[in-house]
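Peer 1: Residue numbers (the numbering used here): 5 to 72.
First, the structure itself, so that you have it in front of you.
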Amino acid sequence: MSKLLNFLTLIGLIAFGYWMIKRYFHQRKLRQQGIVIEQKGLRPITVFSIVLLSIYALYLIIHFWNMS
């Protein structure tokens, strides 16, 4: 079960890293075009914490499902 949690955490970290890199290059392209970027929506750290909490919640659900 612990390996599953490690695997899910790794997937979450990779997904977050991909999203951050994609977001950075998109914003960089817009800045080069002279478009002003306003920060709206969720901050990256908030998205990251939601992803990790979702992974751990899924792990707990699977763990308790296997116990019964």
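Ideal placement from N, C-alpha and C gives every residue a C-beta, glycine not left out.
Remember, it's a predicted structure, so these values are computed and weren't measured experimentally.
Given a cut-off of 9 angstroms on the beta-carbon distance, is the pair Ile66 and Leu8 in contact?
Peer 2: In contact: Ile66 and Leu8 (Cβ atoms closer than 9 angstroms).
Peer 1: Below 8 angstroms on the Cβ atoms is my contact criterion, and I expect Val40 with Gly16 to pass it. Report the Cβ-Cβ distance as a whole number of Å.
Peer 2: Actually they do not touch by this definition, with Cβ atoms about 32 angstroms apart.
Peer 1: What separation, rounded to the nearest whole angstrom, lies between the Cα atoms of Arg27 and Phe68?
Peer 2: Their backbone Cα atoms lie some 36 angstroms apart in a straight line.
Peer 1: Can you give me the C-alpha to C-alpha distance between Trp23 and Gly38, rounded to a whole angstrom?
Peer 2: Looking at the two C-alpha atoms, the distance is approximately 23 angstroms.
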